[in-house]
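Chemist: Take a look at the following structure, please.
Residue numbers (full-length UniProt numbering): 1 to 226.
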């Protein structure tokens, strides 16, 4: 598992409690080491472009820094039993759809729970974030693009210097990568005044060109599992 062992155990415990009776109890196995993952990523470069480093005002920098800090375990909270059941339904279908990309069951569930949590936290559509990850990294945790973007959401290392602690290796941590990616996409969406086409282009370093946004939109449709 990624990150602090205690946090990972909390995530697994929360997930098992929520889906008791709906999904099987899954026993985690060891995930690939960082070195092994990096070797695999080098053999198959990511398809991503690259976010472009741009000047940020102090206010924006401080807001983004605050948004990426405090990585609490991604534990979903539901206002109603119906909302909980809808989540379990989504999680079951998404896990089935992702099984070939992520064959290890516990890693797959942890990934989906974190995507759901981080996308909701940033005010983004979960299907959109899954579509973006599919296009950017093909769901490869250790993917590295030719431009140097890292991880599931292909975050450029300069972001850790601008709004983080300066350690780009943390972009290979599951929740850290998704936190940065969702916060950055939300920032671009706000900057483009809600224009998702332009925000996606900016995320990929191809603002104004249609190929990348259209690829994400097509992938997004595959992840609409209601």
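Each residue gets a CB set at the ideal place from its N, CA and C atoms; glycine is no exception.
Is residue 144 helix, strand or coil when you go by DSSP?
Modeler: strand
Chemist: DSSP state of residue 155, grouped into three classes?
Modeler: strand
Chemist: Candidates 116, 83, 132: which alpha carbon is nearest residue 73's?
Modeler: For the options 116, 83, 132, the alpha carbon positioned closest to that of residue 73 is the one of 116.
Chemist: Is residue 205 closer than 8 Å to residue 213 when the C-beta atoms are compared?
Modeler: no
Chemist: Of all the options 111, 191, 87, which has the alpha carbon lying nearest to the alpha carbon of residue 207?
Modeler: 191
Chemist: When DSSP labels each residue in this structure, what does residue 101 get in the three-state scheme?
Modeler: coil
Chemist: I need the straight-line Cα distance from residue 194 to residue 109, nearest angstrom please.
Modeler: Cα to Cα, residue 194 sits roughly 30 Å from residue 109.
Chemist: May I have the straight-line CA-CA distance separating residue 126 from residue 140, to the nearest angstrom?
Modeler: 18 Å
Chemist: Using 8 Å for Cβ pairs, my map puts residue 134 next to residue 219. What's the rounded Cβ distance?
Modeler: Taking a contact as a CB-CB distance under 8 Å, the pair residue 134 and residue 219 counts as one, their CB atoms being some 4 Å apart.
Chemist: Which of the three DSSP states is assigned to residue 224 in this structure?
Modeler: coil
Chemist: If you draw a straight line from the C-alpha of residue 199 to the C-alpha of residue 155, how long is it?
Modeler: 15 Å
Chemist: Hey, residue 118 and residue 61 are a contact pair by Cβ (cut 8 Å); roughly how many whole angstroms apart?
Modeler: Contact flag wrong, Cβ pair sits at about 20 Å.
Chemist: By Cβ distance, which residues of its chain are closer than 6 Å to residue 223, with the 5 residues on each side in sequence left out?
Modeler: 127, 130, 131
Chemist: Going by CA-CA distance only, name the one from 188, 225, 215, 211 that's closest to residue 122.
Modeler: Of the candidates 188, 225, 215, 211, the one whose C-alpha sits nearest the C-alpha of residue 122 is 188.
Chemist: In angstroms, rounded to a whole number, what distance separates the CA positions of residue 137 and residue 211?
Modeler: 16 Å
Chemist: Roughly how many angstroms lie between the CA atoms of residue 184 and residue 81, to the nearest whole one?
Modeler: When rounded, the distance between both Cα atoms is 32 Å.
Chemist: Do residue 174 and residue 78 have their C-beta atoms within less than 8 Å of each other?
Modeler: no
Chemist: Between residue 169 and chain B, is the shortest Cβ-Cβ distance under 8 Å, so that the two count as touching?
Modeler: Included in the structure is just one protein chain, with no chain B present.
Chemist: Take residue 52 and list the residues in its own chain whose beta-carbon comes closer than 7 Å to its own, dropping the five residues that flank it on each side.
Modeler: So the qualifying residues of the chain are 205.
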